[in-house]
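What follows is one structure encoded as structure tokens, with my remarks underneath.
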Amino acid sequence: MPESAVPRSVAEHADAVRGLLAGLPAAKGSERLPLLDALGRALAADVLAPGHLPPFANSQMDGYAVRSLDFPHDGGTPGGGAGTGRARLKVVAPIPAGVAPQELTPGSAAPIMTGAMMPAGADAVVPIEQAVPDSFPAPGADAVVDLPPTAARSFVRAAGSDIAAGTLALPAGSSLGPGQLGLLAALGLTEVEVRRPLHVLLVTTGDEVVEPGQALPPGKIHDANGTLLEAAMRQAGLTVSRSAISSDDPAVLLRLLRGRDTGTDLIVTTGGVSKGAYEVVRQAMAEQPVEFLSVAMQPGGPQGIGTFDGVPFLGFPGNPVSCLVSFEMFLRPALSAVFGAPAPRPAPRARLTERLSSPAGKHQLRRASLLPDGTVRLEGGPGSHLVHALAKANALVHVPADVTELEAGAEVEVWML
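Per the working numbering, the very first residue in the sequence shown carries number 229; after that it's consecutive.
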């Protein structure tokens, strides 16, 4: 397809990548997994709470379970709602967590531990700090306790106050992190239905590229892109297959692509998408519905998008930082939006420790480190070959396309890596 003379905006290309992947979740289906095996995956269906959480009314504090009606009113007698005066109550058997207590009789108070089940008849808890004496009596002691008046439901966690039985616990598409898995475990579940991950074929291209571990002849470089992108994809929950490195011969690349696994859901290549004389990916895709275009972004401007033999295809640039930025800006957010996993990157705002400049009309991404004091320090320059600077960074700083200069102290959006 011919390339447009007008660069596409970052938002427009992000929308295009989401659209490319939109039909894949239904095609992939789902699978049931034990909770811990589902970490980082996305729910395939709504989960309704099978029971109340908490399952019974329990104490929010260490203290005394009481009947609010046992406290005197202005007239000096108990009854008729929350009292206004102190009461001396008989101390009965304590209620530790994990036991089913006996009913609380009128005129008595039961020592109760945090999380322990409220006894029938009790409707409030008085914290131990408010009691006189402010310590529990020894077991078996014939004791009374002086307590201040308390309203019904004070320091009581009602059954279902966290979530009621039959209500929505987690919606389909939720990314399952520790908090979500903890909720499912608290509800008594041991397995969960999750969406199957995408299977990606990742292909590095270029006559100049050799595998790590091999000797470097003159003019050659080791392949960083394969490891860089596979790691990012696996971290995002994808299943990744790597082909051999393709030369700059389009026929070689086509053989690699057509020899892919039958279960491949997405093809991603690195390199060969610019306007040079030996752009192998462009040449190999000449008969395919693939568009090569420029996105108004630095680094990572050259992009390819379409389908290869009916399989969704993304072509990323060849410089290491450019291909990782392309993944972070386009593919990872599309996975989050379409599949529900991985979870979106945390995006705090921070203040620059130094001045920066950015090309007019381009959304610039700079490698940076978010510091403990809430400021953000740039790592290296804007060059897309600076892998050492990338390795030192824990974040990407966003500079919008309409901004060309930012002074030290300016507030910027930061994506944590």
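All C-beta atoms, glycine included, are put in the ideal place defined by N, C-alpha and C.
This one's a predicted model, so the numbers in the text were calculated from it and none came from an experiment.
Legend entry - V245 versus V523: straight-line alpha-carbon distance, rounded: When the Cα atoms are used, V245 and V523 turn out to be separated by approximately 12 Å.
Legend entry - 8 Å Cβ shell around F536 - same chain, five flanking residues per side excluded: L485, I495, M513, Q516 and V518
Inset, instruction - Count the C-beta pairs between the stretch 259–276 and the stretch 558–577 that are closer than 8 Å, then say yes if the count reaches three, no if not. - result: Segments in contact, yes.
Inset, instruction - Indicate whether L599 and L634 have their beta-carbon atoms separated by less than 8 Å. - result: no
Inset, instruction - Give the C-beta separation of V360 and A293 to the nearest angstrom, bearing in mind that I take them to be a contact with Cβ-Cβ under 8 Å. - result: About 17 Å separates the beta carbons of V360 and A293, which is beyond the 8 Å limit, so they are not a contact pair.
Legend entry - Any 3 or more C-beta pairs closer than 8 Å across the stretch 284–291 and the stretch 410–422: no
Inset, instruction - Measure the CB-CB distance between K620 and E607 and report whether it falls below 8 Å. - result: yes
Inset, instruction - Count the other C-beta atoms from every protein chain shown that fall within 10 angstroms of the C-beta of S474, then say buried if there are 16 or more, exposed otherwise. - result: buried
Legend entry - Under the three-state DSSP convention, the category E515 falls into: coil
Legend entry - Outcome for D351 when other beta-carbon atoms lying within 10 angstroms are tallied against a minimum of 16: buried
Legend entry - Of the residues G401, V319 and V437, the one placed nearest V373, counting alpha carbons only: V319
Legend entry - Own chain, CB closer than 8 Å to I449, minus 5 neighbours either side, in chain order: E436, V437 and V438
Inset, instruction - Note down, one range per segment and in chain order, each alpha helix (DSSP H) of at least 4 residues found wholly within the stretch 455–528. - result: 478–486 and 508–512
Inset, instruction - Measure from the C-beta of M644 to each C-beta in chain D and report whether the shortest distance is under 8 Å. - result: Note that chain D does not occur in the displayed structure, where there is just one protein chain.
Inset, instruction - Mind checking which residues open and close the beta strand (DSSP E) that includes G543? - result: Here the beta strand (DSSP E) through G543 covers V539 to F544.
Inset, instruction - Please state if the CB of L618 and the CB of V549 are separated by a distance shorter than 8 Å. - result: yes
Legend entry - Selection from L375, G394 and L317 that minimises the alpha carbon distance to D274: G394
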